[in-house]
Amino acid sequence: MIAKDNSQIATSEIFLELADNQRLISFCGPFDDNIKQFERRLAIEINRRNNRFKLIGKLLNIKRS
């Protein structure tokens, strides 16, 4: 997505290829608590399905993540 300024909403999809499911569980934390911390600190929304992550938020915040 191309944005003219950093206040526009952007979406980025990330695919993490981890060695096994246990590492994915450790990364996300119990009940996705680590993901929730990332969301709060980066002021973005993270949607996860297995090892695919969709980041939604202001362009500047997406770039920081």
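Numbers given in my numbering equal positions in the sequence shown, counted from 1, plus 1.
Even for Gly, the Cβ is constructed at its ideal location relative to N, Cα and C.
Pull up the distance between the alpha-carbon of residue i and that of residue j, whole angstroms please.
i, j, result
"L25", "I10", "27 Å"
"L60", "Q23", "31 Å"
"G30", "K37", "9 Å"
"D21", "N35", "18 Å"
Leaving out the 5 sequence neighbours to the left and right, which residues in its chain are closer than 6 Å to residue i when beta-carbon positions are compared?
i, result
"I57", "T12 and E46"
Identify, in the order they occur along the chain, each residue of the same chain with its Cβ nearer than 8 Å to the Cβ of residue i, setting aside the five sequence neighbours on each side.
i, result
"N52", "F16, L17, E18, L19 and L25"
"F39", "I45, I47 and S66"
"D33", "R49"
Could you check which residue in the options has the C-alpha nearest to that of residue i?
i, options, result
"E14", "F54, K64 and R41", "F54"
Looking only at its chain, what residues have a beta carbon closer than 7 Å to the beta carbon of residue i, apart from the 5 residues adjacent to it on each side?
i, result
"I63", "A11, S13, I45 and L56"
My parser needs the alpha helix (DSSP H) runs of 4 or more residues fully inside the stretch 13–46; what are they?
22–29 and 34–43
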